[in-house]
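There are 2 protein chains.
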Amino acid sequence: MLDSTDLQIIDELTKNSRITMKELGEKVHLTGQAASTRVAKLEDQGIIEGYTINVNQMKMGYGVHAIIHIFTKTTNHQPYLSFLKKQKDIVRNNFKVSGESCYLLECRFPSNESLDEFLTNLSNYVSYKLSIIINKY
Amino acid sequence: MLDSTDLQIIDELTKNSRITMKELGEKVHLTGQAASTRVAKLEDQGIIEGYTINVNQMKMGYGVHAIIHIFTKTTNHQPYLSFLKKQKDIVRNNFKVSGESCYLLECRFPSNESLDEFLTNLSNYVSYKLSIIINKY
DNA sequence: TCAAATCCTTTCAATAATCAAGTGAAACAG
DNA sequence: CTGTTTCACTTGATTATTGAAAGGATTTGA
């Protein structure tokens, strides 16, 4: 299904998705057109889902990064999930997980104050444990 | 520092980073050249860190997604960190966190078998608790 | 052996990016 | 009030890329 050239293409586009097809072709030893058709095929197959940018969240004013372990009190999760929908600027991921907690919630905050405010509201819906991300390795 | 046009540009590039500067300009009511210089400035400022793709990990054969809570037994974390370096295909993020655990390790595996193997090796370095990601909301 | 399919290259017209020059508005000193 | 500087943007010419069409090489199967 995927040969090594496809994997190389995915690798190169992961590093820089704004590369020209001509350059991409040179990197994987194809013409620009051949590279282009391969990329189109990867899109059609749903392997490449989209093109995006990495934004420096610190510089965007979201310096506080937290993972919040969610323990739902009740069997009905809907109030919690509805609450999250209203916090789209803050919520980056909400994973339903097996293990001790019910969800792992990844969030970004401008400050500890806004984190505090969020947690205050959050506690109306669920119990939680907080992990603040200090660094990335 | 950033006006609403810059935010719009970041928003559009987040949705589709391969858009032409001409199209991007149309979306934010600028010429392609003006959009292009703004994007260059955002890159220089380090706000746009890079251009990348979203890859369907399921289709790439990494269907098992896990968050592993790491509890280091010893004060020297280096053996653990060195171990991770050898597992670049599997490890997606390793966050040093405050809270109960020392690190939150995000990984992708092709199968439960490979997860099992990884955990077996991991237990030589640290204690852990496993959360398997079931879904994303 | 032939036909179809796949994957690639070449060529060329259409389109986009880039560079240089120029416009107009705002800020500011004389 | 005037002249100068700066900034962000536009315009126009040049260069580069993209996309479509045609064709070549290789593989597959009847």
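Residue numbers (the numbering used here), protein chains in the order written: chain X, 1 to 137; chain L, 1001 to 1137. Backbone N, C-alpha and C define an ideal beta-carbon position, used for all residues, glycine too.
Considering Cα atoms alone, identify which of the options is closest to residue i.
i	options	result
phenylalanine 109/X	Glu117/X, Tyr103/X and Ile53/X	Glu117/X
isoleucine 1067/L	Asp3/X, Ser82/X and Asn94/X	Asn94/X
isoleucine 1133/L	Thr1052/L, Glu1049/L, Val1028/L and Glu1106/L	Glu1106/L
isoleucine 1053/L	Lys85/X, Leu7/X and Gly61/X	Leu7/X
threonine 1074/L	Met1021/L, Tyr1125/L and Asn1016/L	Tyr1125/L
leucine 1115/L	Lys1096/L, Ser1101/L, Val1091/L and Glu1100/L	Val1091/L
tyrosine 137/X	Tyr1080/L, Leu1122/L and Ser1123/L	Tyr1080/L
asparagine 135/X	Gly1061/L, Asp1044/L, Lys1096/L and Lys1041/L	Lys1096/L
histidine 77/X	Lys86/X, Lys27/X, Met58/X and Tyr103/X	Tyr103/X
methionine 60/X	Leu1002/L, Thr1014/L and Leu1030/L	Leu1002/L
leucine 1122/L	Leu1042/L, Lys1041/L, Leu1084/L and Val1028/L	Leu1084/L
lysine 1129/L	Gln1033/L, Thr1072/L, Thr1031/L and Lys1041/L	Thr1072/L
Is the beta carbon of residue j closer than 8 Å to that of residue i?
i	j	result
serine 131/X	serine 1127/L	no
asparagine 56/X	glycine 1046/L	yes
isoleucine 9/X	arginine 38/X	yes
histidine 69/X	serine 101/X	yes
glycine 63/X	asparagine 1016/L	no
methionine 21/X	serine 4/X	no
lysine 1027/L	glutamate 1012/L	yes
For residue i, does the three-state DSSP call read helix, strand or coil?
i	result
threonine 52/X	strand
valine 62/X	The sequence given here places tyrosine at residue 62/X; valine does not occur at that position. The answer is coil: DSSP assigns tyrosine 62/X none of H, G, I, E or B.
leucine 84/X	helix
lysine 15/X	helix
isoleucine 1010/L	helix
leucine 130/X	strand
glutamate 1106/L	strand
lysine 136/X	strand
threonine 1072/L	strand
Which residues mark the beginning and the end of the alpha helix (DSSP H) in which residue i is found?
i	result
arginine 92/X	Where arginine 92/X is concerned, there is no enclosing alpha helix (DSSP H), although the beta strand (DSSP E) it sits in stretches over 91–97.
leucine 112/X	In the sequence as displayed, the identity of residue 112/X is asparagine instead of leucine. Looking at the DSSP string, the run of the alpha helix (DSSP H) that includes asparagine 112/X is 112–122.
Could you pull the start and end residues of the beta strand (DSSP E) that residue i belongs to?
i	result
valine 1028/L	Unbroken run through valine 1028/L: none, as it is neither H nor E.
leucine 2/X	No beta strand (DSSP E) holds leucine 2/X; DSSP gives it neither H nor E.
Listing by chain order, which chain L residues have their CB less than 9 Å from the CB of residue i?
i	result
phenylalanine 95/X	His1065, Ile1067, Ser1131, Ile1133, Ile1134, Asn1135, Lys1136 and Tyr1137
leucine 119/X	The premise fails here: leucine 119/X is roughly 13 Å from chain L at the closest Cβ pair, so nothing lies under 9 Å.
Which residues in chain X have a C-beta closer than 8 Å to the C-beta of residue i? List them in chain order.
i	result
valine 1055/L	Ile10, Thr14, Ile47, Ile48 and Glu49
arginine 1018/L	Ser17, Arg18 and Tyr51
lysine 1059/L	Gln45, Gly46 and Ile47
leucine 1024/L	In chain order: nothing, as chain X lies at least about 11 Å away.
Since residue i meets chain X, which of its residues come closer than 7 Å, beta carbon to beta carbon?
i	result
serine 1098/L	Ser131, Ile132 and Ile134
leucine 1081/L	Tyr137
Quick one: list the residues of chain L neighbouring residue i, beta-carbon separation under 8 Å, in chain order.
i	result
leucine 104/X	Ile1067, Ser1131 and Ile1133
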